[in-house]
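S.K.:
2 protein chains.
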Amino acid sequence: MLLVFASAKLMAELFERVGQPGIVGEILAGVLIGPHVLGWLAPTELLTTLSELGVMFLLFRVGLEVKASELMKVGGTALLVALAGVIVPFFAGWGLCAMWGEPRIESLFTGAAMVATSVGITAQVLASRGFLDLRASRIIMAAAVVDDVLGLIVLAIVSSMAKGKVNYLDIALTAGLALGFTFFVARFGTRTVRRVMPTVQASLRVGESEFALAMTLLFALSVLAVFAGVAAIIGAFLAGMALSETSEGHVTELTNGVAELLAPFFLVGIGLHFDLTAFSNRATLGLAALLLVLAVLSKFLGCGLGAIGMGRADAIRVGVGMVPRGEVGMVVAQLGLSLNVIGHNTYGIIVFMSVVTTLIAPPLLKLAYGNAHYEHQDYVRLG
Amino acid sequence: MLLVFASAKLMAELFERVGQPGIVGEILAGVLIGPHVLGWLAPTELLTTLSELGVMFLLFRVGLEVKASELMKVGGTALLVALAGVIVPFFAGWGLCAMWGEPRIESLFTGAAMVATSVGITAQVLASRGFLDLRASRIIMAAAVVDDVLGLIVLAIVSSMAKGKVNYLDIALTAGLALGFTFFVARFGTRTVRRVMPTVQASLRVGESEFALAMTLLFALSVLAVFAGVAAIIGAFLAGMALSETSEGHVTELTNGVAELLAPFFLVGIGLHFDLTAFSNRATLGLAALLLVLAVLSKFLGCGLGAIGMGRADAIRVGVGMVPRGEVGMVVAQLGLSLNVIGHNTYGIIVFMSVVTTLIAPPLLKLAYGNAHYEHQDYVRLG
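Protein chains in written order, with the working numbering: chain A, 12 to 394; chain B, 12 to 394.
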């Protein structure tokens, strides 16, 4: 734990010194101490759990700063962004692999992996710079939630195709449950919390009852999210958002402590999976490079076009913000391997694409948001 | 995780409602959901790690509220308390088992297990009631640190006896290293931090640099402590104490978040180990009951007598505060099992003793500290 934490912070410091986002340094720390460079550390079950907790707390903390009502306002654009951000990368990934001569199901699965969006990295960058309440940031957060649900549906379809027969009823049920859960919590969460929380809290005698209730809600919604088929981090984000209008600074501070401690485990954890051993021949390397370029362009163009109605600057921000695939892409690759629909090579390519898209997003975000600080002040003054 | 956290907080609430310490409720939650009652959960590697992190953060947080200089002031009394609190329980445990007809080495080992002190529980109770700066509390904290080192030496001697030959040089080296590390960090930690920290921190550009540095120090000292042979929690406590004079409220708040989240895992973890299956016959049950009584009395009388110079009220508080064996007793039992010096029965008895002494300490502390709030005000006014 010392190794993970200290190396992450050391690399973050180095990166901040040369004017780069520290978050990239933390991921590279994972690459560096990971099995394929220095070999000091390999992913373990414990590190994986800490890393999952880390991204859950990141999203929970972001949720605490986002009001559901504000997210609903940009709902239409977010839906467009999410839809385009699912369709374009899916067909781009599928098409490239099919043209490359990969087997049909492997191509489809690679397309599904291209759909994944890891909003953790973007959210962390935006939160640390205080950009969360800009319009583009809200669109990103809302689109990421929708994207996760849509990605789940694509994955369910492709997985059932891989298993031989497509059960449309099953898929419809999965989709319905995921959509229902997400919509219900996003729509009624805040209201319920606002009504129930003060009464419950006033009746409690245990110490730090507000934090205890917040943690219980966080864990409960994360577990429910997994049952409903969406990612635990979406549950964590929804829990934070449901609490955002009632909770005071104290819960945020306590949450910050946990998030600050665990975030490096998430970031280093991503880096630890970086692996070039699959790229033993030039053909694989070529496919990996092309897929990486397509992964960046398809999300950027797809999501950017979805948000073009908001003006060019916001469209660019949204496009860049949706690029990182992070741990979601890796989970999809893992699933493909366990279902036996992709080989070791394709697994390596998807993980490579997930790590690199995650690494390049923070500096791109920095460029895209540029001098948003001025805008921010205008926004606050006007809005 | 939801199960652990929610059940702990639920039981804590129930206990607070009937006027009992919530901490006891959290341990009983572990007993309840554990393998021997409801069977919902068994200790896993992950839960063990979270539980270890939990007690580390508890002790770190307590350390942040304790100044090394204040601890040094009560050093003489603390030394007496720790010495008596090691000698009396050791001979009581050894004597009882020997009279009961247990094998020599098993009796000696049980004596060594009686020496263990888990200061986590006491520290948590005192901290939550704001009693940490009372004289008795300081004696307890200082004595617990010394006690851990002495306990290590007793354990080293008994373990090497169990292995056949006693290597006095080895034991002297172990003792010297442990004493040296503890003394060095306690004596010079604060000073070093006060000199080095502001310079380092001012030169850092990474976000939340103070918290990052504090966490690095916490992990580093915990790891070093384990290398030096003392418990990781002693390292965590020393790290907190070294930072206590320089750190501001912000680090404390962030630490509180982590401690609040992880403490239930520590408490539930203790309860999860509660096991009565070893007590299949009356003889074992009798020995367990007698040993439990002796465990409470020997620490209470030993430590109490060590602090009698401070007056009767403080002596009682110190005596009660040193009673819980908690996770330290369990670690010793585990070691005995792995060295093959104790059987399953003795293991069960030691774990039983560790859990029950931990359960009864909080209500006893509540009694012993009674109306210390008035005294507290006097103390602050006068001192």
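Glycine included, C-beta positions come from ideal geometry on N, C-alpha and C.
(1) Give me, in chain order, the residues of the same chain whose beta-carbon lies closer than 6 Å to that of H47/A; leave out the 5 immediate sequence neighbours on both sides.
(2) Would you tell me roughly how many angstroms separate the C-alpha atoms of R115/A and T288/A, rounded to the nearest one?
(3) When Cβ atoms are compared, which residues of the segment 221–239 of chain B fall closer than 7 Å to chain A?
(4) Give the residues of chain B in contact with R72/A, contact being defined as C-beta atoms less than 8 Å apart.
(5) Suppose contacts are defined by Cβ-Cβ distances below 8 Å. Is G268/A in contact with V73/B by that definition?
(6) Suppose the cutoff is 7 Å on Cβ atoms and the five residues either side in sequence are ignored; what does the same chain contact list for L316/A look like?
(7) Straight-line CA distance for T295/A to S118/A?
(8) Assuming the contact rule is C-beta atoms closer than 8 Å, V366/B and H284/B should be a hit. Round their C-beta distance to whole Å, please.
(9) Give the residues of chain B in contact with N267/A, contact being defined as C-beta atoms less than 9 Å apart.
(10) Looking at the structure shown, is I38/B part of a helix, part of a strand, or coil, going by DSSP?
(11) Three or more C-beta pairs closer than 8 Å, one from the segment 249–260 of chain B and one from the segment 29–42 of chain B: is that the case here?
(12) Keeping to the same chain, check which residues put their C-beta closer than 7 Å to that of L69/B; ignore five residues upstream and five downstream.
(13) Mind listing the chain A neighbours of E271/B? Cutoff is C-beta to C-beta under 7 Å, in chain order.
(14) Distance, Cα to Cα, A124/B vs S170/A?
(15) Quick one: complete alpha helix (DSSP H) runs, 4+ long, within the segment 218–283 of chain B?
(16) At a cut of 8 Å, does the segment 170–183 of chain B reach the segment 209–222 of chain B through at least three beta carbon pairs?
(17) Which whole runs of the alpha helix (DSSP H) in the segment 40–118 of chain B are 4 residues long or more, in chain order?
(18) Please tell me whether E259/A has its Cβ less than 8 Å away from any Cβ of chain B.
(19) Using DSSP with H/G/I as helix, E/B as strand and the rest coil, what is K20/B?
(20) Express the C-alpha separation of G191/A and E81/B in angstroms, rounding to a whole number.
(21) Name the chain B residues whose beta carbon is nearer than 7 Å to that of L13/A?
(22) Verify whether the separation of the beta carbon atoms of G240/B and L163/B is less than 8 Å.
(23) Are the C-beta of T121/B and some C-beta of chain A separated by less than 8 Å?
(24) Please decide whether V391/B counts as near chain A, where near means a Cβ-Cβ distance under 8 Å.
(25) So, does the segment 145–162 of chain B touch the segment 231–246 of chain B, judging by three or more C-beta pairs under 8 Å?
(26) What does a CB cutoff of less than 7 Å around G36/A pick up in its chain, not counting 5 residues either side in sequence?
(27) So which residues on chain B does F16/A lean against when the C-beta distance must stay under 7 Å?
(28) If I'm right that T88/A touches I150/A with Cβ under 8 Å, what's the distance once you round it to whole angstroms?
(29) What are the start and end residues of each continuous alpha helix (DSSP H) run of 4 or more residues lying completely inside the segment 117–142 of chain B, in chain order?
(30) Check whether the Cβ atoms of R323/B and T368/B sit closer than 8 Å, and answer yes or no.
(31) For M341/A, count neighbouring C-beta atoms within 10 Å of its own C-beta (all shown protein chains included) and say buried if the count is 16 or more, exposed if not.
(32) Tell me which residues share the same chain as A186/B and place their Cβ nearer than 8 Å to its Cβ, disregarding the 5 neighbours each side in the sequence.
(33) At 8 Å on the CB atoms, spell out the chain A contacts of E56/B, in chain order.
(34) From K176/A to V352/A, what distance separates their C-alpha atoms?
(35) Taking 8 Å as the CB-CB limit, is E76/A close to chain B?
M.R.: Judging by the given coordinates:
(1) D286
(2) 24 Å
(3) F222, A223, M226, T227, F230, A231, V234
(4) Those within 8 Å of R72/A in chain B number zero; the least Cβ separation is about 10 Å.
(5) no
(6) A95
(7) 14 Å
(8) 7 Å
(9) E219, F222, E264, L265, G268
(10) helix
(11) no
(12) G131, A134, Q135, A270, A274, F277
(13) E219, F222, L265
(14) 55 Å
(15) 220–239, 243–254, 260–283
(16) no
(17) 56–75, 79–84, 86–110
(18) no
(19) helix
(20) 58 Å
(21) F230, A231, V234
(22) yes
(23) no
(24) Here the model assigns V391/B a pLDDT of 46, short of 50, so the residue's position is not dependable and the matter cannot be decided.
(25) yes
(26) M22, A23, L25, F26
(27) M226, T227, F230
(28) 5 Å
(29) 130–140
(30) no
(31) buried
(32) V160, L163, I164, A167
(33) E56, L57
(34) 14 Å
(35) no
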